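Novice: Numbering (the working numbering), first residue to last: 85 to 562. Virtual Cβ for every residue (Gly too), placed ideally from N, Cα, C. Just so it is clear, the structure is predicted and the values come from calculations on it, not from any experiment.
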Amino acid sequence: MLTQFSVKSHIINGSLKGKRMTHIENSLKFFTEHTDNFLQQYQDLVRIPSVSTDPEHKADMQAACKFLADKLRGLGAGHVEVFPTKVHPILFAEMRADAEDAPTILIYGHYDVQPAAPIEEWQTPPFEPTISGEYLTARGASDMKGQVMAALAAVESVLAAGPLPVNLKFLLEGEEEIGSPSLDGFIASHADLLACDIVLNPDSGMVSRDSPTIVYGLRGLLYFEIRVDGPKADLHSGLFGGNVANPANVLAAIIARLHNPDGSVAVPGFYDKVLPLSPEEKQRIASVPFDPQALLQITGVPQLFGEAGYSPLERTGARPTLDVNGIYSGFIGEGSKTIIPAYAKAKISCRLVPDQNPDEIYALIQAYITSLTPEAVRLTIFKHSGAPAYLVDDAPGLEQLSKALAETWKKPLSFKREGGSIPVATTMQTHLGVKSLLTGFGLPDDQIHSPNEHQHLPTWKLGVQALIRFLLSFEHAN
Ligand code: BES
Ligand code: ZN
Numbered sequence: 085m086l087t088q089f090s091v092k093s094h095i096i097n098g099s100l101k102g103k104r105m106t107h108i109e110n111s112l113k114f115f116t117e118h119t120d121n122f123l124q125q126y127q128d129l130v131r132i133p134s135v136s137t138d139p140e141h142k143a144d145m146q147a148a149c150k151f152l153a154d155k156l157r158g159l160g161a162g163h164v165e166v167f168p169t170k171v172h173p174i175l176f177a178e179m180r181a182d183a184e185d186a187p188t189i190l191i192y193g194h195y196d197v198q199p200a201a202p203i204e205e206w207q208t209p210p211f212e213p214t215i216s217g218e219y220l221t222a223r224g225a226s227d228m229k230g231q232v233m234a235a236l237a238a239v240e241s242v243l244a245a246g247p248l249p250v251n252l253k254f255l256l257e258g259e260e261e262i263g264s265p266s267l268d269g270f271i272a273s274h275a276d277l278l279a280c281d282i283v284l285n286p287d288s289g290m291v292s293r294d295s296p297t298i299v300y301g302l303r304g305l306l307y308f309e310i311r312v313d314g315p316k317a318d319l320h321s322g323l324f325g326g327n328v329a330n331p332a333n334v335l336a337a338i339i340a341r342l343h344n345p346d347g348s349v350a351v352p353g354f355y356d357k358v359l360p361l362s363p364e365e366k367q368r369i370a371s372v373p374f375d376p377q378a379l380l381q382i383t384g385v386p387q388l389f390g391e392a393g394y395s396p397l398e399r400t401g402a403r404p405t406l407d408v409n410g411i412y413s414g415f416i417g418e419g420s421k422t423i424i425p426a427y428a429k430a431k432i433s434c435r436l437v438p439d440q441n442p443d444e445i446y447a448l449i450q451a452y453i454t455s456l457t458p459e460a461v462r463l464t465i466f467k468h469s470g471a472p473a474y475l476v477d478d479a480p481g482l483e484q485l486s487k488a489l490a491e492t493w494k495k496p497l498s499f500k501r502e503g504g505s506i507p508v509a510t511t512m513q514t515h516l517g518v519k520s521l522l523t524g525f526g527l528p529d530d531q532i533h534s535p536n537e538h539q540h541l542p543t544w545k546l547g548v549q550a551l552i553r554f555l556l557s558f559e560h561a562n
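1) Nearest to Phe308 by CA position, among Ile465, Ser295, Ala473, is which residue?
2) Using a Cβ-Cβ cutoff of less than 6 Å, which residues in the same chain neighbour Lys498 once the five nearest sequence positions on both sides are dropped?
3) Less than 7 Å separating the Cβ of Glu261 from some heavy atom of the ligand FAD?
4) Residues in its own chain within less than 7 Å of Glu257 by CB, not counting five upstream and five downstream?
5) Hey, how far is the Cα of Phe151 from the Cα of Ile189?
6) Ignore the nearest five residues each way along the sequence and tell me which others in Ser624's own chain have a CB closer than 7 Å to its CB.
7) At the level of alpha carbons, what is the spacing between Phe114 and Ala244?
8) Which whole-angstrom value is the C-beta distance of Ile338 and Leu521, which I expect to be below 8 Å?
9) So what does Leu612 bridge to, in DSSP terms?
10) What's the call for Asn344, buried or exposed, on a 16-neighbour Cβ count within 10 Å?
11) Pick from Ala402, Gly384, Asn536, Gln381: whose alpha carbon is nearest that of Glu391?
12) So what does DSSP say about Gln440, is it helix, strand or coil?
13) Could you tell me whether any Cβ in chain B is nearer than 8 Å to the Cβ of Ser505?
14) Using 8 Å as the threshold, is the region 522-532 in touch with the region 216-232, meaning 3 or more CB pairs across them?
15) Assuming Phe554 is part of the alpha helix (DSSP H), what are its boundary residues?
16) Measuring only the C-alpha atoms, how far is Ile96 from Leu129?
17) Looking at the secondary structure, which residues open and close the beta strand (DSSP E) in which Glu257 lies?
18) Between Ser273, Pro247, Asp318, which lies nearest to Phe167 when the distance is taken from Cα to Cα?
19) Can you determine whether any heavy atom of the ligand BES sits closer than 7 Å to the C-beta of Asp529, and answer yes or no?
20) Which same chain residues, not among the five before or five after Val91, have their C-beta less than 8 Å away from its C-beta?
21) Assign Phe389 to one of two classes, buried (16 or more other C-beta atoms within 10 Å of its C-beta) or exposed (fewer than that).
22) Span of the alpha helix (DSSP H) holding Asp154?
23) Hey, how far is the Cα of Asn330 from the Cα of Ala426?
24) For Arg435, does the three-state DSSP call read helix, strand or coil?
25) Taking only the alpha-carbon atoms, compute the straight-line gap between Met512 and Ile271 and give it to the nearest angstrom.
26) Is Tyr219 helix, strand or coil by DSSP?
27) I think Val171 touches Glu259, with their Cβ atoms under 8 Å apart; what is that distance to the nearest whole Å?
28) Out of Thr221, His468, Tyr192, Glu178, point me to the one whose CA is closest to Thr250's CA.
29) Do you know whose CA, among Gly414, Ala238, Thr208, lies nearest Thr119's CA?
30) Check whether the region 443-453 touches the region 351-360, counting contact only when three or more Cβ pairs, one atom from each stretch, lie closer than 8 Å.
31) Under the criterion of a Cβ to heavy atom distance below 7 Å, does Ile532 qualify as lining the ligand ZN?
32) Whole angstroms are fine: how far does the CA of Leu556 sit from the CA of Asp287?
33) Is it the case that the CB of Gln198 approaches a heavy atom of the ligand ZN more closely than 7 Å?
34) Rounded to whole angstroms, what's the CA-CA distance from Leu516 to Ala332? Just pull it up for me.
35) Measuring from the CB of Asp227, is there a heavy atom of the ligand ZN at a distance below 7 Å?
Here is the structure:
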């Protein structure tokens, strides 16, 4: 292994205090010496406004996909293939190790981002990356172009310093932020292509910059939209007010009945299948270093609010929620306009926990909202996407990843149940039979999905180092 390493390596094996440098040391050295270049590539990717939900950005989606395909080809991937879908392309790439018996790691990523709106809230343009102090600010800097580029930087550094000790497969999609409509089918029909021993999914984040984190639970998601239609057009509120049901009033009344005053969800049956928290699980959640003060600071709210009887970390990690994401009706321009709006609509999502089934929850909600709707209006409900929660603490490679993170940060690891959703983890478990290693180097205050999203670069650099160590932990000679 070592002889092969010195022959093949682009870097001539240097010596460290008279000792022959290892593949890890050389890879870390390569990364340190080329960090600026990696940061350039990272910025080139975030410059592409790949907003998956917006049809206007279709070409940008293709550009981001091409950028990564070119990058992977440049890294020597023998097989790089772009699979068109009904929405945005899926990118697959493969690099083979020299050794026959090398394990195969599948690295998942998404190259799409959330919309930048409200654009006026950004201090710097969302798609013009700016590095200021320790932060890189841009839409996608943290979620998750930064994490994709961290993985690619680690792979490049490992390759530059020696042979690849593992087979690598990459699955990079462009529809994560819209619920991955094409991915389930793709994974199901390409199980052989995607066959692997380990899945590395760096789309989650860290508890804090001092606490490298492996996520063992994610919430599921149900996203739907409701629309209340009243008159066929906006009406004069003086001439007609009092004789027609106002869709905005009706929608507000419906929404008001979705929660109980104690913060719990009022939809009948919503909690029926929720897995209760065992004392052990409560203990495990409580062991994560967490400061409620930090939550107040990050959010800027005067007080936390949530379901009574649960700690903040239990609420985000292990309890389901229902939230209005957007609400629209009538006149919202400057000044006043006396109308009864023709319609009102709301986008609503539920974060789900084991063992809630998204379809069952949707049926319960549909029935409940229908029962709350007066006959004087017409109601439409439709589902955008649904995915179950994920709870897995024995993914293959866990030991190697834990070790790599701990060695890099020299701090204790956190195992966390996260509130966000990464539905592909469940899909891969179902169709590939492999549980995912969920990690990432974003921080709670990165403002993901929000204006001024940023990535803490010192944390990102440690992340790359940890991934180098992780990849090389599969090297026999190590
Ligand atoms: N990276 C996030 C999810 C995340 C963030 C998990 C931080 C853990 C910690 C991901 O890109 C995301 O936002 N997912 C969506 C999924 C949805 C659209 C199906 C989400 O959670 O809203
Ligand atoms: Zn996201």
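Specialist: Walking through what the data contain:
1) Put simply, of Ile465, Ser295, Ala473 the residue whose alpha carbon is nearest the alpha carbon of Phe308 is Ile465.
2) Checking the sequence shown, residue 498 turns out to be Ser, not Lys. Answer for Ser498: Val291, Ser295, Thr297, Val372, listed in chain order.
3) The ligand FAD is absent from the structure shown, which contains only the ligand BES and the ligand ZN.
4) Closer than 7 Å at Cβ, skipping near neighbours: Ile174, His194, Ser264, Leu267.
5) If I take the Cα positions, the gap works out to 22 Å.
6) Shown here, the chain extends from 85 to 562; a query on residue 624 therefore has no answer.
7) Counting only the Cα atoms, Ala244 lies some 7 Å from Phe114.
8) Contact doesn't hold; Cβ gap of about 41 Å is too wide.
9) Residue 612 lies beyond the range of the chain shown here (85 to 562); nothing can be said about it.
10) Per the 10 Å Cβ criterion, exposed.
11) It is Ala402.
12) In the structure shown, Gln440 sits in coil (DSSP, three-state: anything other than H, G, I, E or B).
13) Here chain B cannot be found, since the structure has a single protein chain.
14) Contact between the region 522-532 and the region 216-232 is present: three or more C-beta pairs spanning the two stretches fall below 8 Å.
15) Counted as a single uninterrupted DSSP element, the alpha helix (DSSP H) harbouring Phe554 occupies residues 541-556.
16) For Ile96, the predicted structure reports a pLDDT of 41, less than 50, and the residue's modelled location is therefore unreliable. The matter cannot be settled from this model.
17) Unbroken beta strand (DSSP E) run through Glu257: 251-257.
18) Measuring from the Cα of Phe167, the nearest candidate turns out to be Ser273.
19) Checking every heavy atom of the ligand BES against the Cβ of Asp529, none is found closer than 7 Å.
20) A caution first: Val91 carries a pLDDT of 31, below 50, which makes its placement in the model too unreliable to give a value.
21) When all chains shown are included, Phe389 counts as exposed.
22) Per DSSP, Asp154 belongs to the alpha helix (DSSP H) from 142-158.
23) Looking at the two C-alpha atoms, the distance is approximately 8 Å.
24) In this structure, DSSP gives Arg435 an extended state, which the three-state scheme calls strand.
25) Going by the C-alpha atoms only, they are around 7 Å apart.
26) DSSP, reduced to helix, strand and coil, places Tyr219 within a strand of the structure shown.
27) That belief holds up - the Cβ atoms of Val171 and Glu259 are roughly 5 Å apart, short of 8 Å.
28) Note on residue identity: the sequence assigns Val, not Thr, to residue 250. The option with the nearest alpha carbon to Val250 is Glu178.
29) Closest option to Thr119, judged by alpha-carbon separation, among Gly414, Ala238, Thr208: Ala238.
30) Flag = yes, the region 443-453 and the region 351-360 touch.
31) Checking the Cβ of Ile532 against the ligand ZN gives yes.
32) Asp287 and Leu556: Cα-Cα distance of roughly 21 Å.
33) At least one heavy atom of the ligand ZN sits closer than 7 Å to the Cβ of Gln198.
34) If I take the Cα positions, the gap works out to 46 Å.
35) Yes, since a heavy atom of the ligand ZN falls inside the 7 Å radius drawn around the Cβ of Asp227.
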